[in-house]
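Note that my numbering has the sequence shown beginning at 9, numbered continuously upward. Idealized CB from N, CA, C, for every residue including glycine. Note that the coordinates shown come from a computational prediction; the quantities given were computed from them, not determined experimentally. A quick write-up on the structure given underneath.
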Amino acid sequence: MSQNHNLDATWQYHSGTKHSHLSVRMDPHVLDWDNKPLLFKIYPTLEVLRLPKDFHETGSPALSAIAAPNSAAEGNSVPDLETLAQLLFFSAGVTRSKKHAQGETFFRAAACTGALYEIELYVVCADLPSNDQRPTDPPALPAGVYHFGAAEFGLRQLRSGDFRQAIVEAAGGEPSLAHAPVIVICTGTYWRNAWKYRSRTYRHFGWDNGTILANLLAMSSASKLPAKIITGFVDSQVNTLLGLDTKREVAFSLVSVGCTSSPTPKVPAIEKIELPIVAYSEREVDYPAMRKMHEASSLDSAEEVAAWRGKTPPHPSASAKGTATELRPLDDSAAPDTIEKVISRRGSTRQFSRDPLTLAQLSTILDRPTRGIPADFLDPSGARLNDLYLIVNNVVGLSPGSYFYRWEENQLELLKSGDFRDKAGYLGLEQQIPADAAVDVFFLADLKKILGRYGNRGYRAAQLEAGILGGRMYLAAYSQKLGASGLTFYDDDVVNFFSPHARGKSAIFLMALGRSVARK
Ligand SMILES: Cc1cc2nc3c(=O)[nH]c(=O)nc-3n(C[C@H](O)[C@H](O)[C@H](O)COP(=O)(O)O)c2cc1C
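Put into structure tokens, the structure is as follows:
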């Protein structure tokens, strides 16, 4: 029997990893730079199959790509190898690098806490063609299980053969997987992020996986491929297929990409694989609280998964008590850059200028990302787990103060007027970034309701949804040549600040938005 409905596990983990003014002083953490983990997973004994990098242009404006994910699993849309390469590059590829005193950081397409990039991607696929495939050619990518090597921009084959049915079964027959020629599996590697963030890393799995998925969904939409996120699966079956050492790395989410009418073949025998990998650090520190949280949110059987999936708890919100301002989002012509161009120029703002956003710019950043995420925990489409609360510091057309985003009505409800810049800086872990931003968007969720419906697994889903929305906000901001940064926060102080409206909810995520000070 799984522990999924023993909810003490989540409450213990969540409370035990809260930040507060006191906790960061009572329990400071000094970084051991000599033991900093490697930023890549490398299998030294496997050959790399280099991926093509001569991408075709999708021509899709970023704002459309973010807002219109395509989840309809019908017809025949099989990505060729070039398209798969493009999806992987703009989701988790190395887009720039920077030398510094401690070495060199290779930044990736999606934002990640501490630039530690603990999320790894794997591909389980059918035979895939090339973009100029002739009927007699062998497949450009033979069916198999592959690890995506971001460092080399290549794939390493872990298993040869078509193993998709193993994932379909692990996910309790989830229909989008049953028709997907490509399944992307995202895993989290504890130590790679825990080196800096210790036990809080399990929350970061959701955030950092989410920003990657925001890009992957947008790129799939721009490439006219259906895609859907699946968080319900039998953990042990997926981990075994990838040959993971689960004390160190675990599967976190799956994505079905494309659609084919051919049925998935019977699964070949799944032999045990134990492949050597290059050590991340000289020594690794174990933080058992995360493994406990992961185990308590694991699902044990296909029947449990099938029963787990589906109907999101309803999200009624009381009628607005404060003044409500209608959002006025821009259309694509105001920000026509393609999704690839926007992902390529994205980076987290290191300093905001305190200059204002317009209401139209903010409206666009709220409206496009919140039009629905195709995911197995969001049913019907358009359902959601998180609520958005804002501190507005400087937006033309909105008085400074705290606000609640009325999602269905596309309105901002004023909760409290006032200058909360200093407060925003404090709530964002006493950093300058949230104090200087034009707007800070706090994500809060009613965990009691979510866990009641989905068990501990709902905690993974709430963190992941926040990461996806946050990742989309990055893209909506950068498509308008504005700045953005994810941030961490003082949990209970955030909830108290937005109470009584937010009473009973939990702080999940934070995004700062505004205008960046140009870097020298
Ligand atoms: C969820 C999340 C939380 C973050 N928290 C902070 C933070 O508290 N302070 C900060 O300076 N940067 C923060 N960042 C920004 C990361 O440091 C940044 O994404 C990383 O260095 C990679 O750089 P890039 O986003 O420019 O590609 C956060 C990013 C994410 C995605």
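Cutoff 9 Å: residue i Cβ touching any chain C Cβ
i: R142; result: Absent here is chain C; the protein component of the structure consists of one chain.
Collapsed DSSP secondary structure at residue i in the structure displayed
i: L225; result: helix
i: H29; result: helix
i: T121; result: helix
i: L477; result: helix
i: V313; result: helix
i: F360; result: strand
i: S341; result: helix
i: S244; result: helix
i: R291; result: coil
i: R58; result: strand
i: P296; result: helix
i: L71; result: helix
i: T346; result: strand
i: L307; result: strand
i: V502; result: helix
i: V286; result: coil
8 Å Cβ shell around residue i - same chain, five flanking residues per side excluded
i: E65; result: T346 and E348
i: L149; result: L57, L89, L92, C133, D135, L136 and L163
i: Q110; result: W41 and K44
i: S425; result: S407, P408 and G409
Sub-9 Å separation of residue i and residue j beta-carbons
i: V447; j: N401; result: yes
i: A70; j: A343; result: yes
i: N78; j: L233; result: yes
i: A235; j: P382; result: yes
i: R104; j: F97; result: no
i: L129; j: A158; result: yes
i: I441; j: A520; result: yes
i: A222; j: A391; result: no
i: G196; j: V258; result: yes
i: G24; j: A297; result: yes
i: I220; j: L185; result: no
i: F451; j: L406; result: no
i: Q11; j: A304; result: yes
i: H324; j: T268; result: Per the sequence shown, the amino acid found at residue 324 is Pro instead of His. In this structure, T268 does not lie closer than 9 Å to P324 by Cβ.
Beta bridge counterpart(s) of residue i as assigned by DSSP
i: M519; result: V449 and G494
i: R256; result: In DSSP, R256 forms no bridge with anything.
i: I238; result: L262
i: T154; result: It is worth fixing the name first, because residue 154 is Tyr in this sequence and not Thr. Per DSSP, V131 and Q165.
i: K106; result: T113
i: V404; result: T366
i: S425; result: G409
i: T333; result: L420
i: Y397; result: F412 and F450
i: S507; result: DSSP lists no partner for S507.
i: S389; result: For S389, which the question treats as bridged, DSSP gives no partner whatsoever.
i: G380; result: Note: G380 sits in no beta bridge, so no partner.
i: G196; result: I127 and V258
Own chain residues within Cβ distance below 7 Å of residue i, not counting five before or after
i: G251; result: L166, I281, E282 and L283
i: A484; result: L71, I74, T372, I373, R376 and P377
i: K319; result: D387
i: A151; result: C133, A134, D135, G169 and D170
For residue j and residue i, the rounded distance between their alpha carbons
i: H187; j: G266; result: 8 Å
i: Q439; j: S356; result: 14 Å
i: G436; j: T496; result: 6 Å
i: L307; j: S270; result: 29 Å
i: L338; j: Q419; result: 15 Å
i: F428; j: P408; result: 8 Å
i: L367; j: W19; result: 38 Å
i: R33; j: I516; result: 21 Å
i: L47; j: P364; result: 36 Å
i: Q94; j: F63; result: 6 Å
i: I193; j: W215; result: 16 Å
i: H37; j: S28; result: 14 Å
i: E126; j: A202; result: 9 Å
i: S231; j: Q173; result: 25 Å
i: E473; j: R461; result: 16 Å
i: G463; j: L15; result: 7 Å
i: S507; j: F161; result: 47 Å
i: Y498; j: L455; result: 17 Å
i: R256; j: A510; result: 36 Å
Residues near residue i in its chain [Cβ-Cβ closer than 6 Å; skip 5 each side]
i: A326; result: none
i: G380; result: S389 and G390
i: F213; result: G196 and F260
i: R299; result: none
i: G122; result: K204
i: Y51; result: R164, L283 and I285
i: D543; result: Any question about residue 543 goes unanswered here, given that the chain covers just 9 to 528.
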